[in-house]
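Colleague: Dropping the structure in here first, questions after.
Residue numbers (this note's numbering), protein chains in the order written: chain A, 1 to 651; chain B, 652 to 900.
Following this line, the structure appears as structure tokens:
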């Protein structure tokens with residue numbers, strides 16, 4: 001036994017030494033170390049052809065013409081579409097995060113009735129029943145400003161005998177109220193940012209949040225003169241690009257613009273409008289530089305300088321933002337300047353019979369409130385922006401992600417993401433030439449979703465069966481080539497709408513341009529940055545990295561900016577915690593001293609303070625919409641947030 | 652006492668040598684093979700049929716895209732240029748027959764006209780392989796999960812374009828130094844125009860039945876997966892950079 005045992009040990013030692021002289025152990029060790037590259041939680045790459053598939057993204061208000069970057073057919077990123085004039089190769093920060101949002105865990109996964117998952121058949125039954133019961137008391141709120149889906153919804157309203165179509169508050173709507181409502185124009189106002197040799201942005205944060213930001217930036221990048229003047233209560237990113245910032249309170253923008261009209265009229269400019277004499281008389285008597293200075297605080301010599309620069313230019317343009325009166329005043333000034341840089345775009349032909357015109361869709365004043373037995377909300381978040389304005393018996397919310405509005409809705413219907421559906425954009429606001437773009441689905445939906453157009457066409461007989469057919473009809477109606485459009489080209493129509501019969505709205509402007517301010521201690525200057533979020537779109541997964549501490553503090557509290565004079569007056573210091581009270585609400589915030597804010601004004605970013613959403617948006621900052629005050633513009637019968645004021649208290 | 656003597660006579664050397672030699676033999680000849688399991692390709696693909704039979708060249712399926720990236724395995728889109736079965740039409744026909752679209756055997760047995768009429772193979776066994784491809788992948792809209800003999804993990808960036816100009820004839824001059832990296836038989840005979848043999852299965856273009864994929868049971872990688880030292884050796888010999896970021900992007 002002893003011998004056998006010893007021999008065994010000796011053989012084992014020999015075997016052990018022997019194995020070390022072979023590659024087995026060393027190769028196995030190497031393989032084991034490589035195995036650690038393959039932990040199951042490590043994602044694996046997909047290999048295949050990389051493409052940039054053109055389509056239209058509707059995450060931002062105007063919509064971006066993008067190329068969705070795919071590998072082996074799977075979307076992984078987004079870039080601008082260089083073949084489309086609305087993009088020129090660029091896209092906004094919201095649409096740039098389109099794929100991340102498409103794959104967001106916050107996506108709605110199936111139809112939900114009062115919080116319980118239901119089938120599409122059941123959803124169809126419920127809506128059909130509610131439609132039948134509601135009669136003409138049906139309303140639609142759309143967060144899409146330029147899509148043909150609005151034609152489907154408005155045709156539904158028409159078939160029910162309702163005209164209660166509402167857009168979420170937007171620059172396009174305000175401009176339309178001024179141009180077609182007050183001044184009797186037709187078509188849609190646009191601007192030649194490429195060709196103008198002097199641009200006055202009268203409240204329009206054009207390079208950051210106004211109109212079609214990407215198209216504006218792309219056009220301005222080609223501008224050879226680049227003379228840009230920005231007027232507003234806050235030095236925004238747009239102001240950073242401007243050669244001059246004119247501090248003007250939001251409620252004083254119309255008066256400021258008429259103050260410039262004074263100098264232009266003084267220079268002998270005129271226009272063949274029927275009420276020109278009345279307009280001239282009104283401006284020369286009520287909006288003299290001294291009076292405007294007294295009402296707005298803008299120095300007369302500053303207005304004179306701006307007027308001088310506009311008069312010296314061969315193709316100047318004034319681009320308004322803010323109230324209806326401010327828009328009308330700017331349009332009147334453009335007419336006086338005789339500029340060719342303010343364009344009047346014709347509307348594209350409709351693709352759905354019975355659909356409302358765009359101007360009619362923009363007539364509804366959502367700030368005055370929406371009351372209906374049945375309310376459809378399409379990719380909009382009115383419960384976040386205007387919670388007090390909604391009074392509906394039954395709300396159906398179409399969206400692809402959970403929002404405050406879907407949380408409050410009775411029936412939630414998940415729709416495909418922009419990249420999973422047919423989508424189009426016709427004349428996004430601000431573009432200088434009539435432009436139509438469309439896109440086909442890039443990715444197959446991975447959730448139980450249905451395009452809103454398909455659903456509506458399934459419950460109402462509007463003469464077509466699917467939204468894809470609607471898009472085909474639209475393309476045919478506008479004279480486009482489906483294949484070319486799907487490949488990313490845009491249909492451009494250089495025609496202009498007629499301006500004959502347009503007035504200068506002298507009677508209304510005389511009253512509406514007088515600045516009216518709330519009763520709070522300081523003015524509130526709300527502003528939008530796309531990385532922070534907009535009315536309908538919360539910040540996107542990659543965007544928070546680009547949000548500065550001028551908007552959100554390190555502890556995720558809201559940051560409001562004011563200059564040192566205002567801070568001194570309010571008795572607060574940099575980084576002080578304050579409570580802002582205005583409208584019917586309150587916000588908590590941290591103070592940031594920034595001298596680029598008008599005195600007696602607090603600047604606050606919109607788009608924060610979501611109570612529903614993903615980890616990137618929920619609980620970040622506070623919702624400034626709560627402290628905005630809705631007031632009625634004198635004489636224009638339009639509602640506005642301009643003139644909002646707040647009281648500020650230290651916490 | 653007797654036992655002790657016997658033990659001393661052996662001197663402990665013989666068992667040691669036996670153990671040493673046994674594991675040497677095992678370690679060199681037997682055990683390395685046990686680290687790999689053989690896995691067949693999902694379907695039979697014959698290069699011979701396509702290259703010799705149909706006169707296709709390598710670039711018909713394996714080509715550089717406009718952006719310089721390399722289309723390694725052909726996609727259904729490429730295959731369908733010849734295997735022209737309309738997926739929509741085939742699926743409709745399958746539904747009309749009342750067959751579950753996932754029941755591949757039933758579909759193949761049913762000999763559906765929309766599929767059978769468009770098969771291009773002549774011989775039965777090859778036609779069955781083509782039928783299998785069409786039913787399991789083409790009409791289902793699924794790409795064939797080919798097993799890549801030269802699989803490289805995601806943490807390695809390999810550009811075919813950057814290696815396209817390597818010439819086997821030129822490299823033959825350093826075949827001794829490359830003997831651990833490249834199969835020496837690659838340098839035998841007249842050097843082919845293309846350099847695929849340097850890394851890929853030798854003369855795969857003339858292969859009728861694809862060799863089994865040998866998967867390492869520990870790492871999960873292919874037996875032919877090139878180890879980092881091999882990449883480095885060749886880079887060094889060719890005077891190319893060996894910095895981490897050269898391959899690990």
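Here a beta-carbon is modelled for each residue, glycine too, at the ideal position from N, C-alpha and C.
Tell me residue 610/A's beta-bridge partners as DSSP assigns them.
Modeller: As a first step, residue 610/A must be located in the first chain, where it is residue number 610. The partner list for residue 610/A (beta bridge, DSSP) reads 618/A.
Colleague: Put residue 86/A into one of helix, strand or coil per three-state DSSP.
Modeller: As a working note, residue 86/A is residue 86 in the first chain. Judged by DSSP in its simplified three-state form, residue 86/A adopts coil rather than helix or strand.
Colleague: In chain order, which continuous runs of the beta strand (DSSP E) of length 3 or greater are located wholly inside the stretch 165 to 212 of chain A?
Modeller: 165 to 167, 188 to 191 and 198 to 202
Colleague: Give the DSSP-derived three-state secondary structure of residue 654/B in the structure shown.
Modeller: For this step, residue 654/B is matched to residue 3 along the second chain. Residue confidence for residue 654/B is low, a pLDDT of 48 falling below 50, so the modelled location carries little weight; the figure read from the coordinates is stated next. It is helical.
Colleague: Residue ranges of each beta strand (DSSP E) run of no fewer than 3 residues wholly in the stretch 680 to 736 of chain B, ordered along the chain?
Modeller: 687 to 690
Colleague: Once DSSP output is grouped into helix, strand and coil, what is the label at residue 651/A?
Modeller: Within the first chain, residue 651/A is the residue found at index 651, counting from 1. In this structure, residue 651/A counts as coil in the three-state DSSP scheme.
Colleague: If we define contact as Cβ-Cβ less than 8 Å, is residue 872/B a contact residue for chain A?
Modeller: Numbered from its first residue, the second chain carries residue 872/B at position 221. Answer yes: the Cβ-Cβ gap between residue 872/B and chain A drops below 8 Å somewhere.
Colleague: In the structure shown, what three-state DSSP assignment does residue 652/A receive?
Modeller: Nothing about residue 652/A can be reported from this structure: the residues present for chain A run from 1 to 651 only.
Colleague: DSSP three-state call for residue 342/A: helix, strand or coil?
Modeller: Residue numbering aside, residue 342/A sits at position 342 when the first chain is read from its first letter. Three-state result, residue 342/A: strand.
Colleague: Is the stretch 521 to 540 of chain A close to the stretch 284 to 300 of chain A, with three or more CB pairs under 8 Å?
Modeller: no
Colleague: Could you tell me the alpha carbon to alpha carbon distance between residue 624/A and residue 293/A, rounded to whole angstroms?
Modeller: Locating residue 624/A in the first chain gives position 624, where the first residue counts as 1. Locating residue 293/A in the first chain gives position 293, where the first residue counts as 1. Distance between the alpha carbons of residue 624/A and residue 293/A: 29 Å.
Colleague: Specify, as a first and last residue, the run of the alpha helix (DSSP H) that residue 895/B falls within.
Modeller: Looking up residue 895/B in the second chain gives position 244. 895 to 898 is the span of the alpha helix (DSSP H), which, as asked, contains residue 895/B.
Colleague: Go ahead and label residue 879/B buried or exposed: buried means 16 or more other beta carbons lie within 10 angstroms of its beta carbon, across all protein chains shown.
Modeller: Counting from 1 along the second chain, the entry for residue 879/B is found at position 228. Answer is exposed; the Cβ neighbour count stays below 16.
Colleague: Quick test of the definition: if touching needs 3 or more C-beta pairs under 8 Å, does the stretch 235 to 244 of chain A touch the stretch 446 to 466 of chain A?
Modeller: Verdict: no, contact absent.
Colleague: Between the alpha carbons of residue 117/A and residue 814/B, how many angstroms are there, rounded?
Modeller: Here residue 117/A refers to the residue found at position 117 of the first chain. Here residue 814/B refers to the residue found at position 163 of the second chain. Per the coordinates, the alpha-carbon of residue 117/A lies some 54 Å from the alpha-carbon of residue 814/B.
Colleague: Name the chain A residues whose beta carbon is nearer than 7 Å to that of residue 668/B?
Modeller: Here residue 668/B refers to the residue found at position 17 when the second chain is read from its first residue. Within chain A, the residues placing a beta-carbon under 7 Å from that of residue 668/B are 14, ordered along the chain.
Colleague: Is residue 169/A buried or exposed, if buried means 16 or more other CB atoms sit within 10 Å of its CB?
Modeller: What you label residue 169/A is simply residue 169 of the first chain in a count that begins at 1. By the neighbour-count rule (16 or more Cβ atoms within 10 Å), residue 169/A is buried.
Colleague: Within a Cβ cutoff of 7 Å, which residues of the same chain sit near residue 317/A, ignoring the five residues on either side of it in sequence?
Modeller: Taking the first residue of the first chain as 1, we reach residue 317/A at position 317. These residues qualify, in order along the chain: 191, 192, 196, 199, 334, 339, 341 and 342.
Colleague: Please report whether the beta-carbon of residue 440/A lies at a distance below 8 Å from any beta-carbon of chain B.
Modeller: For this step, residue 440/A is matched to residue 440 along the first chain. Not an interface residue.
Colleague: Identify the continuous beta strand (DSSP E) that holds residue 141/A and give its terminal residues.
Modeller: The residue given as residue 141/A occupies position 141 in the first chain. Taken as a continuous stretch (DSSP letters only), the beta strand (DSSP E) holding residue 141/A covers 138 to 142.
Colleague: Going straight from the alpha carbon of residue 775/B to that of residue 733/B, what length do you get?
Modeller: Locating residue 775/B in the second chain gives position 124, where the first residue counts as 1. Locating residue 733/B in the second chain gives position 82, where the first residue counts as 1. Computed Cα separation, rounded: 18 Å.
Colleague: What three-state label does DSSP hand residue 586/A in the structure shown?
Modeller: By 1-based counting over the first chain, the position of residue 586/A is 586. Strand, per DSSP.
Colleague: Can you tell me which of 581/A, 382/A and 428/A puts its alpha carbon nearest to the alpha carbon of residue 610/A?
Modeller: Looking up residue 610/A in the first chain gives position 610. Selected option, being the one with the closest Cα: 382/A.
Colleague: Could you compute how far the alpha carbon of residue 328/A sits from the alpha carbon of residue 530/A?
Modeller: Locating residue 328/A in the first chain gives position 328, counting from the first residue. Locating residue 530/A in the first chain gives position 530, counting from the first residue. Cα-Cα distance, rounded: 26 Å.
Colleague: Going by CA-CA distance only, name the one from 663/B, 843/B, 820/B and 801/B that's closest to residue 851/B.
Modeller: Here the question's residue 851/B lines up with position 200 in the second chain. Nearest option by C-alpha distance: 801/B.
Colleague: Please list the partners that residue 49/A has in chain B, where partner means a Cβ-to-Cβ separation under 8 Å.
Modeller: Position 49 of the first chain, counting from 1, holds the residue named residue 49/A. Those are 716, 720, 722 and 726, listed as they occur along chain B.
Colleague: Would you kindly work out how many angstroms separate the C-alpha atoms of residue 227/A and residue 272/A, rounded to a whole number?
Modeller: Your numbering for residue 227/A matches position 227 in the first chain. Your numbering for residue 272/A matches position 272 in the first chain. Rounded to the nearest whole angstrom, the C-alpha separation of residue 227/A and residue 272/A is 28 Å.
Colleague: Nearest by alpha-carbon distance to residue 946/B: which of 844/B, 742/B, 877/B and 849/B is it?
Modeller: An answer regarding residue 946/B cannot be provided, because it is not within the stretch 652 to 900 covered by chain B.
Colleague: Could you spell out the range, first to last residue, of the alpha helix (DSSP H) harbouring residue 224/A?
Modeller: For the purposes of this step, residue 224/A is identified with residue 224 of the first chain, where counting begins at 1. Element bounds for residue 224/A: n/a, residue is neither H nor E.
Colleague: On a Cα-Cα basis, can you pick out the residue from 438/A, 590/A, 510/A and 572/A that is closest to residue 553/A?
Modeller: Residue numbering aside, residue 553/A sits at position 553 when the first chain is read from its first letter. The shortest C-alpha separation from residue 553/A is found at 590/A.
Colleague: Quick one: what's got a C-beta closer than 6 Å to residue 373/A's C-beta in the same chain, skipping five residues either side?
Modeller: Translated into the one-based positions of the first chain, residue 373/A becomes position 373. Here the set comprises 134, 137 and 393.
Colleague: Note down, in chain order, all residues in the stretch 676 to 710 of chain B with a beta-carbon under 8 Å from any beta-carbon belonging to chain A.
Modeller: 677, 678, 679, 682, 683 and 686
Colleague: Anyone know if the C-beta pair for residue 490/A and residue 435/A falls short of 8 Å?
Modeller: The sequence position of residue 490/A within the first chain is 490, counting from 1. The sequence position of residue 435/A within the first chain is 435, counting from 1. Closer than 8 Å, so yes.
Colleague: Between residue 722/B and the rest of its own chain, which residues show a CB-CB distance below 7 Å, the 5 nearest in sequence each way excluded?
Modeller: As a position in the second chain, residue 722/B is number 71, starting the count at 1. So the qualifying residues of the chain are 713, 714 and 716.
Colleague: Measuring only between beta-carbons, confirm whether residue 67/A sits less than 8 Å from chain B.
Modeller: On the first chain, position 67 is the one that residue 67/A refers to. So no, residue 67/A is outside the interface.
Colleague: Below 6 Å CB to CB, which residues in the same chain sit around residue 702/B once its five sequence neighbours on both sides are set aside?
Modeller: Taking the second chain and counting its residues from 1, the one referred to as residue 702/B is at position 51. Spatial neighbours of residue 702/B in its own chain (CB-CB distance under 6 Å, excluding positions within 5 residues in sequence) are listed in chain order as 856.
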